[in-house]
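Here is the structure we will look at, set down as structure tokens.
Residue numbers (the working numbering), protein chains in the order written: chain F, 1 to 195; chain Y, 1001 to 1084.
Next up, the structure:
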């Protein structure tokens, strides 16, 4: 293909007017400013966890992930609802239980696991394993999470439903929050988890 | 890298996931720029955890990771430097 461009083609294209050029220039400046804003966005990443379970084993994942994410510089909210409230309940959190019933990974057959006192036994076994392995207690993890700036929230609707009082929860726990505020935080978050 | 070269030491022996990373982050925040902290752990998972944390954390540089045996127990030593 020839690189010679007939002079007539160039002259066919109307030169932009000074006004059009100024308009383009200001549009470019506008876009560059927008781009700089995106590039400079150093607001922290966010993670939201919805914690719905209150057994000893299920108290760990939300607390561990929340504290870890905080160590990674994330702004973290854990919204506790239904049995997840037990984790934040100062008294009940020290007595979370583990059941073998319906858990085929436990060494006890369901028929035996259903007998009175069996939950207490499996819980005691689990607690001693936790201590032997240097795994932090639920209380320690709650304190770590709060100290790391994690916002531990207790769903108001389930506080009322389960007849709890706001004073039943650890100091530093946020109460008076509902689905809408949790949802809003999820919209803004980079990571959302339901546990 | 060894204990002698580090400006501070954090002993997290006996602690399991996620505490080594969380305590490392806390101690790292207290470092002055250019200082290096030695973290001593017995948690084998801390090798990948602290490496991952340092990689994702601005200003944290993983200088070295050493596996050793102390009194018959495996220990994992991590050296993290705070950028100038």
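Even for Gly, the Cβ is constructed at its ideal location relative to N, Cα and C.
It should be emphasised that the depicted structure is a prediction, and the values quoted were computed from it without experimental measurement.
Contacts that residue 1046 of chain Y makes with chain F (C-beta to C-beta distance below 8 Å):
Going along chain F, no residue has its Cβ under 8 Å from residue 1046 of chain Y, so there is no contact; the nearest lies around 11 Å.
query = So, using beta-carbon positions, are residue 1084 of chain Y and residue 1033 of chain Y closer together than 7 Å?
reply = yes
**Item:** Sequence-distant residues of its chain with Cβ nearer than 6 Å to residue 65 of chain F (five each side left out)
**Value:** none
Subject >> Chain-ordered neighbours of residue 135 of chain F on chain Y, where CB pairs are closer than 9 Å >> reply: 1015, 1016, 1017 and 1019
| field | Residue burial classification, residue 173 of chain F (beta-carbon count within 10 angstroms, cutoff 16) | value | buried
Do we get a CB-CB distance below 7 Å when we pair residue 1037 of chain Y with the residues of chain A?
Note that chain A does not occur in the displayed structure, where the protein chains are F and Y.
| Between residue 70 of chain F and residue 150 of chain F, which are expected to be in contact by the criterion C-beta below 8 Å, what is the C-beta distance as a whole number of angstroms? | 5 Å
Quiz item: Within 7 Å (strictly less), CB to CB, does residue 66 of chain F reach chain Y?
Solution: no
task: Report the option in F:83, F:129 and F:93 whose CA atom is closest to the CA atom of residue 157 of chain F.
output: F:83
ask   = Does the distance from the CB of residue 1061 of chain Y to the CB of residue 1081 of chain Y come in under 7 Å?
value = yes
For this session: Using only alpha-carbon positions, find the residue among F:49, F:181, F:39 and F:171 that is nearest to residue 76 of chain F.
Result: F:49
Where the alpha helix (DSSP H) containing residue 1047 of chain Y begins and where it ends
1046 to 1056
What does DSSP give as the partner residue(s) for residue 192 of chain F in the beta ladder? F:48
- Message: Using the Cβ count rule (16 or more neighbours within 10 Å means buried), how would you classify residue 1021 of chain Y?
- Response: buried
- Message: Which complete beta strand (DSSP E) runs does the segment 15 to 95 of chain F hold, if anything under 3 residues is left out?
- Response: 46 to 51 and 75 to 80
For this session: Please go through the same chain and pick out, in chain order, the residues whose beta-carbon is closer than 6 Å to the beta-carbon of residue 1012 of chain Y, but skip the five residues on each side of it.
Result: 1020, 1023 and 1041
- Note down the Cα distance separating residue 61 of chain F from residue 1039 of chain Y, rounded to an integer number of angstroms. 24 Å
Residue 165 of chain F in three-state terms, based on DSSP: coil
Return the chain-ordered list of same chain residues with a C-beta closer than 7 Å to the C-beta of residue 74 of chain F, the five sequence neighbours on each side being excluded.
44, 45, 46 and 47
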